[in-house]
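Participant: The structure under discussion is supplied below as structure tokens; questions concerning it will follow.
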Amino acid sequence: MLDKNGIAQRIAQEVRNGWYVNLGIGIPTLVANYIPSGMEVEFQSENGILGMGPFPMEGDEDADLINAGKQTITAMPGAAYFDSATSFAMIRGQHVQLTVLGAMEVSQNGDIANWKIPGKMVKGMGGAMDLVASAENIIVAMMHTNRAGESKLLSNCSLPLTGVACVRRVVTNLAVLDIRDGAFHLVEVAPGISVEQVVAATAGKLVVPESVPEMQIS
Amino acid sequence: MLDKNGIAQRIAQEVRNGWYVNLGIGIPTLVANYIPSGMEVEFQSENGILGMGPFPMEGDEDADLINAGKQTITAMPGAAYFDSATSFAMIRGQHVQLTVLGAMEVSQNGDIANWKIPGKMVKGMGGAMDLVASAENIIVAMMHTNRAGESKLLSNCSLPLTGVACVRRVVTNLAVLDIRDGAFHLVEVAPGISVEQVVAATAGKLVVPESVPEMQIS
Amino acid sequence: MAISKQVKDVTAACSGVESGMTLMLGGFGLCGIPECSIAELVRLGIQDVTCISNNAGVDDFGLGLLLQQRQIRKMISSYVGENDEFERQMLSGELEVDLIPQGSLAERCRAGGAGIPAFYTPAGYGTEVAAGKEVRDFNGKPHILESALTADFAFVKAWKGDASGNLIFKATARNFNPMMAMAGKITVAEVEELVPEGELDPNSVHTPGIFVQRIFQGSGYEKRIEQRTVQSR
Amino acid sequence: MAISKQVKDVTAACSGVESGMTLMLGGFGLCGIPECSIAELVRLGIQDVTCISNNAGVDDFGLGLLLQQRQIRKMISSYVGENDEFERQMLSGELEVDLIPQGSLAERCRAGGAGIPAFYTPAGYGTEVAAGKEVRDFNGKPHILESALTADFAFVKAWKGDASGNLIFKATARNFNPMMAMAGKITVAEVEELVPEGELDPNSVHTPGIFVQRIFQGSGYEKRIEQRTVQSR
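Protein chains in written order, with the numbering used here: chain A, 4 to 221; chain B, 4 to 221; chain C, 315 to 547; chain D, 315 to 547.
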């Protein structure tokens, strides 16, 4: 079974040279830690920076330089700043090659719910609805089940949707799954996890091929 | 009767302190020459400059600094450059207080035709359609009659329209006329011009008040 | 001659702001917010305002200061976490909240300033955001119609500015400020540094002065950091 | 690590351009046009292209060079004067011409790059530009629906750029270049000066590199002036 860092590490393997990547808050943010040095990848943060770098050294933090999670960051050589309209022009115009974000629920149709729980304080969707409605390549990073042990991979989302039929791939603590033709397709299992464990933890329609490899993460 | 410079001079009297002004090609361009020094007025050219200044001194011309008429210009202190989308955001968003442009025909309804003559080579509307559709305050600068001596102030335009019900005021070589309630209203006559001459040269519905002052231009 | 927008101070800049108005406020989280104007709005004690702002500040800073005084009737935002007083007022029904996808919020402000009354976007299709909105397919993909946003006053904060109202923002403190400057009937810009006319490179101006009606040099900027994340040396 | 878009020369930059494609070309008149790319398009001899460009050059410069070789099947522009060969081809029916209000042209390119499939504008209402287009009233004023424009290749010209594709334009040579950079499936940027990564101030970048797929340093710029207007000393 993977921890959050393991999920991030596995997702990092999806990233290709030359890609612009938008990472959501939480597990997705960790993906940046696992990009091989020397790979040409730039991180976009929707509050207005391309070429986001790591956190600043203590004492170098700048209130005017933050990411979408409001964390102080740095800018890499070749970075650019821009306004929010231009930032979402990049996102909506499909100039960002990969979007990674967390979710509360994902359906076998690729629907995603990650912004609102009825009866609880609603904080807002931020940029998530723009990201999921626009991106061509969306990977969801999340735990396979919620704290009550219930599957988060469902036939239909029970929570209010963030986007419809948009998620391509899900990487959880148990498995990598692709979404197509109205079903989850098991691609890999996490180290030490059996196909049966994934089947038991997946409420939505799951297609299991004859042979399922184990994730290769170091 | 006014010449082109006289028309420009009269229109300059319409300009108020604090206004952003877009001047079209031809007579409108001359208006800039008659703005009192010390008046706070900035000229916008739709190809991407606010704070356009006079032509450069010989030898100082810069191919990268032109106006919408493709003439070499200068920038005043406090100028700003921007792209064409932002430029027309200023125009369409009604941030420009006055637009002055030429016309082939104007109707008593405020319609304007100034871009196309059937059977002749059509060069295009440039920014004129955006300007006339958006501006709240449009003054047309033109000769009262065409080369054939026919009125250019009509009940209906005969040429393809540039915009509908948008012209507020017309300044010609003969008169100043306002357009409202479906008619031209005579406001002033040019020096040496009689009301009768204006009536004779105006084909559209013309309302003449009891007393019509003469333009005060020096 | 350049048009001067310079006013003496924040009091002059906020003259005419009244209860019941719709206000836009730049910033993302606490980054790039118009601190001086917010303080003045608290001092003025205006009531029942609608605030269009990506976020709602924190309990004791940013728009949280207006919330403390219960001056806000409605918030139009994309994300309103990190604010207990906001949560209390929202759950009690004192505060009306309209949540908008962040990209649509930015584009709707730009549209308001650019004379585009409405546009189509895929964001929010199939969600409750689309409720009551026209849906139309383009290139085989459903989009929803979103309308322009404008405000009686827009308050923006820039790094540098001149008397003509030209603005340059710093790093990610730019965020929503340029679009809101476009969309305000009266746009008030506060700047960290008001420089003499002609000192800003016209090629580097982010917001041309035509979008700004009043400008003043702010003071006492706290520029609070919401999430201080650092690497130890 | 930053993504490099740098290619060796204009030939590498134009690789893949084919007959029948839709091309966008930045510039206003002859100001800010991609001179090197145009020369290469002439050399390549591609045919039947659709060019989206605010103007069509003059007889012997700019897009006029492509017109001379009869490489253009259709022009989408706002103003096409100052070009006799253009007039001849248009009147003879060899050349198809789609005239678009300048602001709508700029906004349609931006929309194409920004994933906005369509928007409403008042420009052109009541004129032949509105023929066949949806008309809708907003705030009591009629608007027409305009759709996004995109291109197989966009060719833009900047003053300075870096390997990441970040661009800075000079003065009014900016014009249509930034929006066309956004709207090209493949955007080729030629620059007067290609500077080392990290030399451009990230705060002063006009076109962020994400919109540029290929960049090269141009050479031999003529930068012809169309209307040389000066005051005598």
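Glycine included, C-beta positions come from ideal geometry on N, C-alpha and C.
Quick caveat: nothing in here was measured; it's all calculated off a predicted structure.
Bridge partners of residue 441/D, per DSSP?
Facilitator: The count along the fourth sequence starts at 1 and reaches residue 441/D at position 127. Looking at the DSSP assignment, residue 441/D forms no beta bridge with any residue, so it has no partner.
Participant: Using a Cβ cut-off of 7 Å (strictly closer), state whether residue 392/D contacts chain C.
Facilitator: Translated into positions along the fourth sequence, residue 392/D becomes position 78. Closer than 7 Å: no.
Participant: Using the Cα positions of residue 513/C and residue 523/C, report the straight-line distance between them to the nearest angstrom.
Facilitator: For the purposes of this step, residue 513/C is taken as the residue at position 199 of the third sequence. For the purposes of this step, residue 523/C is taken as the residue at position 209 of the third sequence. Approximately 14 Å between the Cα atoms of the pair.
Participant: Rounded to the nearest angstrom, how far is the Cβ of residue 105/B from that of residue 144/B, given a contact under 8 Å?
Facilitator: Translated into the one-based positions of the second sequence, residue 105/B becomes position 102. Translated into the one-based positions of the second sequence, residue 144/B becomes position 141. Their Cβ separation, rounded to whole angstroms, is 6 Å, which keeps residue 105/B and residue 144/B in contact under 8 Å.
Participant: Under 8 Å: do the segment 73 to 83 of chain A and the segment 146 to 156 of chain A share three or more Cβ pairs, one atom per stretch?
Facilitator: No: fewer than three Cβ pairs fall under 8 Å.
Participant: Tell me where the beta strand (DSSP E) around residue 493/D begins and ends.
Facilitator: As a position in the fourth sequence, residue 493/D is number 179, starting the count at 1. No beta strand (DSSP E) holds residue 493/D; the alpha helix (DSSP H) holding it covers 491 to 497.
Participant: My parser needs the beta strand (DSSP E) runs of 3 or more residues fully inside the segment 43 to 85 of chain A; what are they?
Facilitator: Runs found: 44 to 48, 52 to 56, 77 to 84.
Participant: By a C-beta neighbour count over all protein chains shown, 10 Å radius and 16 as the cutoff for buried, is residue 325/C buried or exposed?
Facilitator: Locating residue 325/C in the third sequence gives position 11, counting from the first residue. Label assigned to residue 325/C: exposed.
Participant: To the nearest angstrom, report how far apart residue 217/B and residue 17/B are at their CA atoms.
Facilitator: As a working mapping, residue 217/B is identified with position 214 in the second sequence. As a working mapping, residue 17/B is identified with position 14 in the second sequence. One C-alpha to the other measures close to 15 Å.
Participant: Nearest chain B C-beta to residue 511/C closer than 7 Å, yes or no?
Facilitator: Here the question's residue 511/C lines up with position 197 in the third sequence. So yes, residue 511/C belongs to the interface.
Participant: Across which residues does DSSP place residue 457/C in a beta bridge pair?
Facilitator: The residue labelled residue 457/C in the question sits at position 143 within the third sequence. In DSSP, residue 457/C forms a bridge with 450/C.
Participant: Grab the span of the alpha helix (DSSP H) containing residue 135/A for me, first residue to last.
Facilitator: On the first sequence, position 132 is the one that residue 135/A refers to. From DSSP, the alpha helix (DSSP H) with residue 135/A extends over 131 to 137.
Participant: Name the DSSP bridge partner or partners of residue 391/C?
Facilitator: Taking the third sequence and counting its residues from 1, the one referred to as residue 391/C is at position 77. DSSP, once it has assigned bridges, lists 413/C as partnering residue 391/C.
Participant: Could you please tell me which residues of the segment 99 to 114 of chain B, in chain order, have their CB closer than 7 Å to any CB of chain C?
Facilitator: Within the segment 99 to 114 of chain B, no residue has a Cβ that lies closer than 7 Å to any Cβ of chain C.
Participant: Within 7 Å of any Cβ in chain C, is that where the Cβ of residue 535/D sits?
Facilitator: By 1-based counting over the fourth sequence, the position of residue 535/D is 221. Residue 535/D does not count as touching chain C.
Participant: Mind checking who residue 172/B pairs with in its DSSP beta bridge?
Facilitator: The residue labelled residue 172/B in the question sits at position 169 within the second sequence. For residue 172/B, which the question treats as bridged, DSSP gives the partners 142/B, 181/B.
Participant: In this structure, does DSSP put residue 472/C in helix, strand or coil?
Facilitator: Taking the third sequence and counting its residues from 1, the one referred to as residue 472/C is at position 158. The answer is strand: DSSP assigns residue 472/C an E or B state.
Participant: Under three-state DSSP, which class holds residue 398/D?
Facilitator: On the fourth sequence, residue 398/D is found 84 positions in, with the first residue counted as 1. Helix, per DSSP.
Participant: Could one say the Cβ of residue 529/D lies closer than 7 Å to chain A's Cβ atoms, at least one of them?
Facilitator: Residue 529/D sits at position 215 when you count from the first residue of the fourth sequence. Not one chain A Cβ lies under 7 Å of residue 529/D.
Participant: Under 7 Å Cβ to Cβ from residue 15/B, same chain only, skipping five residues before and after it: list those, please.
Facilitator: Start at 1 with the first residue of the second sequence, and residue 15/B comes out as number 12. Taken in chain order, the residues that qualify are 34, 37, 38.
Participant: When the Cα of residue 176/B is compared with those of 164/B, 156/B, 186/B, 160/B, which residue comes out closest?
Facilitator: The count along the second sequence starts at 1 and reaches residue 176/B at position 173. Ranking 164/B, 156/B, 186/B, 160/B by Cα distance to residue 176/B puts 156/B first.
Participant: Using the Cα positions of residue 434/D and residue 92/B, report the straight-line distance between them to the nearest angstrom.
Facilitator: On the fourth sequence, residue 434/D is found 120 positions in, with the first residue counted as 1. On the second sequence, residue 92/B is found 89 positions in, with the first residue counted as 1. Whole-angstrom Cα-Cα distance: 13 Å.
Participant: For residue 81/B and chain C, any beta-carbon pair shorter than 7 Å?
Facilitator: Within the second sequence, numbered from 1, the residue matching residue 81/B stands at position 78. So, interface residue.
Participant: Which residues mark the beginning and the end of the beta strand (DSSP E) in which residue 530/D is found?
Facilitator: Within the fourth sequence, residue 530/D is the residue found at index 216, counting from 1. Here the beta strand (DSSP E) through residue 530/D covers 528 to 531.
Participant: Contact criterion: CB-CB distance below 7 Å. Does residue 478/D meet it with respect to chain A?
Facilitator: By 1-based counting over the fourth sequence, the position of residue 478/D is 164. Yes, because at least one Cβ of chain A sits closer than 7 Å to the Cβ of residue 478/D.
Participant: May I ask which residues mark the beginning and end of the beta strand (DSSP E) holding residue 110/B?
Facilitator: The residue labelled residue 110/B in the question sits at position 107 within the second sequence. Where residue 110/B is concerned, the enclosing beta strand (DSSP E) stretches over 108 to 110.
Participant: Mapping DSSP to helix, strand and coil, what is residue 364/C?
Facilitator: The residue you call residue 364/C lines up with position 50 of the third sequence. Strand.
Participant: Could you name the residues of the segment 361 to 380 of chain C whose beta carbon sits closer than 7 Å to any beta carbon of chain A, in the order they occur along the chain?
Facilitator: Answer set for the segment 361 to 380 of chain C: empty.
Participant: Measure from the C-beta of residue 74/A to each C-beta in chain C and report whether the shortest distance is under 7 Å.
Facilitator: By 1-based counting over the first sequence, the position of residue 74/A is 71. With 7 Å as the cut-off, residue 74/A counts as an interface residue toward chain C.
Participant: Does the Cβ of residue 184/B have 16 or more other Cβ atoms within 10 Å, making it buried, or fewer, making it exposed?
Facilitator: Counting from 1 along the second sequence, the entry for residue 184/B is found at position 181. Burial call: exposed.
Participant: Taking Cβ positions, are residue 476/C and residue 509/C nearer each other than 7 Å?
Facilitator: The count along the third sequence starts at 1 and reaches residue 476/C at position 162. The count along the third sequence starts at 1 and reaches residue 509/C at position 195. Yes, these two residues count as a Cβ contact at 7 Å.
Participant: Which of the three DSSP states, helix, strand or coil, is assigned to residue 338/C?
Facilitator: The residue given as residue 338/C occupies position 24 in the third sequence. Correct three-state label for residue 338/C: strand.
Participant: Could you tell me whether the Cβ atoms of residue 113/A and residue 28/A are closer together than 7 Å?
Facilitator: One-based indexing of the first sequence puts residue 113/A at position 110. One-based indexing of the first sequence puts residue 28/A at position 25. For residue 113/A and residue 28/A, no; Cβs fall outside 7 Å.
Participant: Note down the Cα distance separating residue 109/A from residue 127/B, rounded to an integer number of angstroms.
Facilitator: Numbered from 1 along the first sequence, position 106 holds the residue referred to as residue 109/A. Numbered from 1 along the second sequence, position 124 holds the residue referred to as residue 127/B. Rounded to whole angstroms, residue 109/A to residue 127/B spans 52 Å at the Cα level.
Participant: For residue 361/C, collect the residues of the same chain with a Cβ closer than 7 Å to its Cβ; drop the 5 residues on either side in sequence, then sort them by chain order.
Facilitator: What you label residue 361/C is simply residue 47 of the third sequence in a count that begins at 1. Correct list, in chain order: 333, 385.
Participant: Mapping the DSSP letters down to three states, classify residue 89/A as helix, strand or coil.
Facilitator: On the first sequence, position 86 is the one that residue 89/A refers to. Looking at residue 89/A - three-state DSSP - the assignment turns out to be helix.
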